[in-house]
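The structure appears right after this line, and notes come after that.
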Amino acid sequence: DIAVERNATGRQVDSFETRLSLNGLGEVPAVFIRAPLVHRVGPEVEVLATWDERPVMVRQGPLLAASFHPELTDDTRVHEFFLNVCRKEWAWRR
Numbered sequence: 030d031i032a033v034e035r036n037a038t039g040r041q042v043d044s045f046e047t048r049l050s051l052n053g054l055g056e057v058p059a060v061f062i063r064a065p066l067v068h069r070v071g072p073e074v075e076v077l078a079t080w081d082e083r084p085v086m087v088r089q090g091p092l093l094a095a096s097f098h099p100e101l102t103d104d105t106r107v108h109e110f111f112l113n114v115c116r117k118e119w120a121w122r123r
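Quick note: to get the numbering used here, add 29 to the position in the sequence shown (first position is 1).
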């Protein structure tokens, strides 16, 4: 239950890299390329990370959404977090 604004960080030439504090994972690198930004979150949505006081990674149950590209860094913690969410959901459904 979120609403986003497409390409909110500008054109591809406006892409940038920063570090984000991610709930439970500490500080992680984040690459933003024509990133959408969340401008509304519903009551069931957990905000996992923010940039410029705006949500950039959110979770609702087993669903995750991120405005940045964790696959473009060498840090695998976001991917590991995603896999753990999937494992827990799969185990719950069995």
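The beta carbon of each residue, even a glycine, is placed where N, CA and C say it ideally should be.
Assuming residue 70 contacts residue 87 under a Cβ cut-off of 8 Å, what Cβ separation, rounded to an integer in Å, is found between them? 6 Å
Once the 5 residues before and after residue 102 are set aside, which same chain residues still bring their CB inside 7 Å of it? 58 and 60
At which residues does the alpha helix (DSSP H) containing residue 111 begin and terminate? 106-122
Can you check whether the CB of residue 78 is closer than 8 Å to the CB of residue 85? Their beta carbons are under 8 Å apart, which means residue 85 touches residue 78 by this criterion.
By Cβ distance, which residues of its chain are closer than 7 Å to residue 62, with the 5 residues on each side in sequence left out? 41, 44 and 98
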